[in-house]
Structures are given as C-alpha cells and as structure tokens.
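So for the sequence shown, the working numbering puts the first residue at 39; every next one is plus one.
Have a look at the structure below before the remarks.
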Amino acid sequence: MSETSTTGDPRHPAGDPSVFLVPAEGDTPTAATRRTGAEGVDEGVGLTALLVAAARAIETHRHDSLAQDVYAEHFVRAAPACADWPVCIQQVPDGDDNPLWGRFARYFGLRTRVLDDFVRRSVGTGARQVVLLGAGLDTRAFRLDLPSDCVVFEVDRSGVLAFKERVLTDLAADPKSKRVPVPVDLRADWVTALTSVGFDPAAPSVWLAEGLLFYLPGPAETYLIDTVDRLTTVGSALAFEAKLEKDLLAYRDSPVYTATREQIGIDLLDLFDRGPRPDSVGDLAARGWSTSMHTPFDFTRLQGRGPLPEPNDALEGNRWVFAHKPRS
Ligand code: SAM
39 MSETSTTGDP RHPAGDPSVF LVPAEGDTPT AATRRTGAEG VDEGVGLTAL LVAAARAIET
99 HRHDSLAQDV YAEHFVRAAP ACADWPVCIQ QVPDGDDNPL WGRFARYFGL RTRVLDDFVR
159 RSVGTGARQV VLLGAGLDTR AFRLDLPSDC VVFEVDRSGV LAFKERVLTD LAADPKSKRV
219 PVPVDLRADW VTALTSVGFD PAAPSVWLAE GLLFYLPGPA ETYLIDTVDR LTTVGSALAF
279 EAKLEKDLLA YRDSPVYTAT REQIGIDLLD LFDRGPRPDS VGDLAARGWS TSMHTPFDFT
339 RLQGRGPLPE PNDALEGNRW VFAHKPRS
C-alpha cells in the first residue's frame, strides 16, 4: 500500500471561530451558510447523510459486503426526500454500471469498513471516547462491538440528529455503547457543546471526520484540527477524509458528480466549500502527530473490492488521512 508521511508545515494559524461563526437568527446569511444552512436531512448538506446511508444499505445487502449496517435502509425509507432511492443493487436497473449506486456507493462501503477498522484498532489500544464529527446517520454506536465503557459522541446539526433519533427510536434500536448526541454546528465554537456533555480531554479519544471537511469553510477546518489537538491527550487518534484537487470544478462532468446531480438532485460541487483549504495534515504533523495518507484505491486493492481509478475520476483527489498522537 502506498503511504505518504508528512512533515510539519504550519502555514495556517489556529482558526478563530469568530471569523466563521454561523449567523444568529435575523442576520443576513452569507453564500456559504446559504449553501449548507439547511438544518434537516431533506435538503442541502443534510441530504448527503441520506446518500451515504443509502450507499451503506446497498453495501449491506451485497453478498461480498465490506460493512454491515442494518439501520441504513430504515433511514432511507423514513425520509420523504429519498422515497424512491434504492437500498439494494438489485433495485438499480443498470446495477453496478450505475456510477452513483454502483461505483460511488461501493466507495462509501469501503470507507465505512476502513474507518470501522480504525475505530476498532484505536479502541483496542485504550481509547474509550469516540467522537464522530459530522456524524450524520452513522450507527457505529449500534453496530460495532466496542467495550461497554466506551462513549460515542455524535456531533452534527440538530435537524439531522433529530431525524436520526426518530428513526432509531421507532426501531427500538439499542446502542452497544453509551451514545451522546451533540447537536451543534461545526462552523460555530463547538467545544463547549462537547465538553459540557461529558467529553474528557484528559482521557484518550478517537475522532472521525468522515465525509465532512470539504463542506466546511477553510477557517472552520483549521479550527477543527486545532481543537482536536487541544482536546486530545497522548494515545488519541484522528481519521479524516480530504480532497486534494486545487480546482474542484475540474471534475464537474465526471460520471460520479453527474449521476449524483441527475439521479437524485444532489449537486455535491455546489455543497463543497470552494475557498482555499488549510494544510491539515501538515498542521497535525507540526503539532507532533504522526500522520499517513492513503488513496481509497489502496484499500480497494487490500480488500479485493471497491472502486479503482477511472478516467475523469472525481474520486482521484480523495485521500484518507490517519493521525496518531504518540505516547512519547
Ligand atoms: N459522517 C457521516 C457518514 O459518513 O455517514 C455523514 C457524512 S455526510 C456526507 C456529511 C455530514 O456532515 C452531514 O450529516 C452534515 O449534516 C454534516 N455537516 C456538514 N456541515 C456541518 C456543519 N457545519 N456542522 C455540523 N455538521 C455538518
């Protein structure tokens, strides 16, 4: 597997939340907050949580599935916005040839598996707090056999978490570890929201930002990375997904983006923040974290299934980053 290690290059100072705080009621929303300001799962960035849930449902029903999420299809079926979306590949007329429900969904299935393994490994070395940033409809608290003293903090906006709660309550779903929803906007100062519900910065923790950072303004990402560093002790770990491309619009007519736009009306490029990105891998390395960066295709080869590179590939610049705060 190819691996890129990084050295420190702190080109971006710690984020100051006052420069990207979400507007108070009555304020005029900026373009960025208009694009990502919808609160629930019916539209805007919240709807992307359902896209990933549908992909996980499809993955779950595959005979060679990489990850099992029995809750995923219930989210899809409960939301009017996606009443006609498939929850298994047999419901897709062109099956695996469909760029959205075939290749892209398999991408999400692979990502789920890789990050499941990351959480399991991190908990295996002692972390008992799991923080899911932009948790969406992630059900790791229900799916993974985490130690019973583990606490899973699910950070997302209130509308997304309210929908999730409704569906899980209707299913009488029982989490395998303690689960704490943290309704807050990650463009605001979210530290108090997390620490006031029991997160302990003095104990090791594992953090995921899965499918999140590219929706946030650059300063909010810088603030997030700085905050994770401040709230973590040695033995902690963080995994996140990044996009390397300098010009996101270069892949506007790629099969993945085109199919997502035309088949389910989600224009991912319109939801992504198009401002300059911080060098989060460099920032972590400068703070003493060990980091490694992989392409999703590395894991496809490792697992024997998943997406491989193709021409005009919107997934080409995607990277999965794994960072650890060393013990010494
Ligand atoms: N991590 C989940 C997964 O992989 O299933 C969800 C990924 S979904 C593509 C992106 C998630 O990020 C959504 O649930 C959305 O509500 C959340 N999100 C985006 N911007 C956010 C913000 N400013 N504050 C809190 N959550 C945000």
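Built from N, CA and C at the ideal position, the CB exists for glycine as well.
These numbers come from a predicted model, not from an experiment.
Proximity winner among the options, relative to residue i (alpha-carbon distances)
i: A361; options: V189, V83 and T271; result: T271
i: K214; options: L184, Y145 and D208; result: L184
i: V294; options: E81, V359 and E348; result: E348
i: W123; options: D135, T260, W139 and Y109; result: W139
i: D285; options: A92, F252, V152 and G147; result: F252
i: G326; options: A110, P131, I263 and F156; result: I263
i: T333; options: Q128, L254 and R149; result: R149
i: D227; options: P364, P257 and A288; result: P257
i: P314; options: A211, D102 and P255; result: P255
i: T260; options: V319, T177 and L88; result: V319
i: V193; options: R166, T230, S186 and V157; result: T230
i: P131; options: L209, R268, D187 and Q301; result: Q301
i: Q128; options: V189, H101, R343 and L175; result: H101
i: A277; options: D135, R357 and E97; result: R357
i: G174; options: R290, D336, Y289 and R94; result: R94
i: L89; options: V189, T298 and L209; result: T298
i: V250; options: V189, R225 and T296; result: Inspection of the sequence shows that residue 250 is occupied by Leu rather than by Val. The shortest Cα separation from L250 among V189, R225 and T296 belongs to R225.
i: P364; options: A275, F146, R268 and V266; result: A275
i: D208; options: D321, Y109, L322 and G133; result: Y109
i: D107; options: R268, A121, F156 and A211; result: A211
i: L346; options: H99, P137 and R217; result: P137
i: L340; options: H99, D135 and R151; result: R151
i: V266; options: A240, E283 and R158; result: A240
i: R312; options: D336, E283 and M331; result: E283
i: L269; options: D291, L199 and L232; result: L232
For residue j and residue i, believed in contact at Cβ under 8 Å, the rounded distance
i: V244; j: V168; result: 5 Å
i: P242; j: G273; result: 4 Å
i: A119; j: D80; result: 5 Å
i: T280; j: L171; result: According to the sequence displayed, residue 280 carries Ala and not Thr. Contact doesn't hold; Cβ gap of about 13 Å is too wide.
i: T329; j: V359; result: 6 Å
i: I304; j: L104; result: In fact, because the Cβ distance is near 23 Å, the residues do not count as touching under 8 Å.
i: D92; j: V125; result: The sequence given here has Ala at residue 92, not Asp. Right, the Cβ-Cβ distance comes to about 6 Å (below 8 Å), so this counts as a contact.
i: D223; j: R195; result: 6 Å
i: G82; j: L309; result: 7 Å
i: E368; j: G147; result: Nothing in the structure corresponds to residue 368, since the chain is present only between 39 and 366.
i: R181; j: V190; result: Their Cβ separation, rounded to whole angstroms, is 11 Å, which puts R181 and V190 out of contact at 8 Å.
i: L307; j: L287; result: 6 Å
i: R166; j: D187; result: 6 Å
Opening and closing residue of the alpha helix (DSSP H) in which residue i lies
i: A361; result: Run containing A361: none in the alpha helix (DSSP H); it sits in the beta strand (DSSP E), N356 to H362.
i: V168; result: From DSSP, V168 is part of no alpha helix (DSSP H) but of the beta strand (DSSP E) over Q167 to L171.
i: D308; result: L306 to L309
i: E259; result: G256 to R268
i: L153; result: A143 to G162
i: S318; result: S318 to A324
i: R343; result: It is not in any alpha helix (DSSP H) - R343 carries neither H nor E in the DSSP assignment.
i: I302; result: P293 to I302
i: F180; result: R178 to R181
i: I96; result: G82 to T98
i: A110; result: A110 to A116
i: T271; result: That residue, T271, is in no alpha helix (DSSP H); it is neither H nor E in DSSP.
i: A231; result: V229 to T233
N-terminal and C-terminal residue of the beta strand (DSSP E) that residue i is part of
i: P221; result: K216 to P221
i: K284; result: It is not in any beta strand (DSSP E) - K284 carries neither H nor E in the DSSP assignment.
i: T191; result: The identity of residue 191 in the sequence shown is Phe, whereas the question assumes Thr. Note, F191: beta strand (DSSP E), V189 to D194.
i: A247; result: S243 to A247
i: H332; result: S328 to H332
Quiz prompt | Three CB pairs or more closer than 8 Å across the stretch 194-209 and the stretch 148-166 | solution = no
Quiz item: Taking three-plus beta-carbon pairs below 8 Å as touching, is the stretch 226-244 in contact with the stretch 114-121?
Solution: no
Exercise. Just jot down, in chain order, the residues whose CB lies closer than 5 Å to any heavy atom of ligand 1.
Key: V83, G84, T86, A87, V90, G172, G174, D176, D194, R195, V198, D223, L224, R225, E248, G249, L250 and Y253
Practice problem: Taking 8 Å as the threshold, find out whether the stretch 133-152 comes into contact with the stretch 335-353 through three or more Cβ pairs. | Solution: yes
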